[in-house]
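A quick write-up on the structure given underneath.
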Amino acid sequence: MLWIKAFHIIAIVCWFAALFYLPRLFVYHVDATDAVSRDRFCIMERRLYRGIAIPAMIATVALGIWLYSLNPAYYTSAGWMHAKLTFVVLLLAYHHMCGAYVRKFAQGANTRSGRYFRIFNEVPTVALFAIVILAVVKPF
Numbered sequence: 003m004l005w006i007k008a009f010h011i012i013a014i015v016c017w018f019a020a021l022f023y024l025p026r027l028f029v030y031h032v033d034a035t036d037a038v039s040r041d042r043f044c045i046m047e048r049r050l051y052r053g054i055a056i057p058a059m060i061a062t063v064a065l066g067i068w069l070y071s072l073n074p075a076y077y078t079s080a081g082w083m084h085a086k087l088t089f090v091v092l093l094l095a096y097h098h099m100c101g102a103y104v105r106k107f108a109q110g111a112n113t114r115s116g117r118y119f120r121i122f123n124e125v126p127t128v129a130l131f132a133i134v135i136l137a138v139v140k141p142f
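Heads up: the sequence shown runs through residues 3 to 142, numbered per my numbering.
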């Protein structure tokens, strides 16, 4: 179980790294004024999303399910786990929103401002705090 948990934590770190950096790239992309920079941001966003964010998200979820399956009776009755999984589901939605923005930028169809993406960038921070506190402290 400890090996699974270790790899789960590694996957989480990789996933959050991508979720922290991708919206920051969106901010820079919005501010880019020349075609070369915009094209470069499209490549960076696509590679980060497909090469790191998606595999890390899949590994995080798969390893999390594996951990859950090792003691489902305990986790099913734990209130903190229900709250944590709610944040995980919201984080999955956020992840897919990032993917939608990657596609919009690639099509040149983004309508959001840099200010929007600066605020959007804070969502995974809130989720990280909640998930870690729930998993470590287990307040209920």
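Here a beta-carbon is modelled for each residue, glycine too, at the ideal position from N, C-alpha and C.
Using CA coordinates, which residue listed in the options is at the minimum distance from residue i?
i: L136; options: A80, P126, G101; result: A80
i: V104; options: A13, P25, G116, Y70; result: P25
i: H31; options: S115, F131, H98, A13; result: S115
i: R117; options: I45, F131, F28; result: F28
i: V90; options: F131, A108, G110, M46; result: F131
i: N123; options: V38, V138, F43, C100; result: C100
Check residue i in the structure and name its three-state DSSP category.
i: T78; result: helix
i: P25; result: helix
i: E47; result: helix
i: P57; result: helix
i: K140; result: coil
i: M3; result: coil
i: D36; result: coil
Short check: CB of residue i to CB of residue j, under 9 Å?
i: L72; j: I12; result: no
i: T62; j: H10; result: yes
i: A102; j: I54; result: no
i: L92; j: A129; result: yes
i: K86; j: I56; result: no
Leaving out five residues on either side along the sequence, give the residues of the same chain with a beta carbon under 8 Å from the beta carbon of residue i.
i: Y23; result: L50
For residue i, does the count of other Cβ atoms within 10 angstroms reach 16, so buried, or fall short, so exposed?
i: M59; result: buried
i: P74; result: exposed
Quick one: residues in its chain with C-beta nearer than 7 Å to the C-beta of residue i, no 5 flanking neighbours on either side, listed in chain order?
i: L65; result: I6, F9, H10, A13
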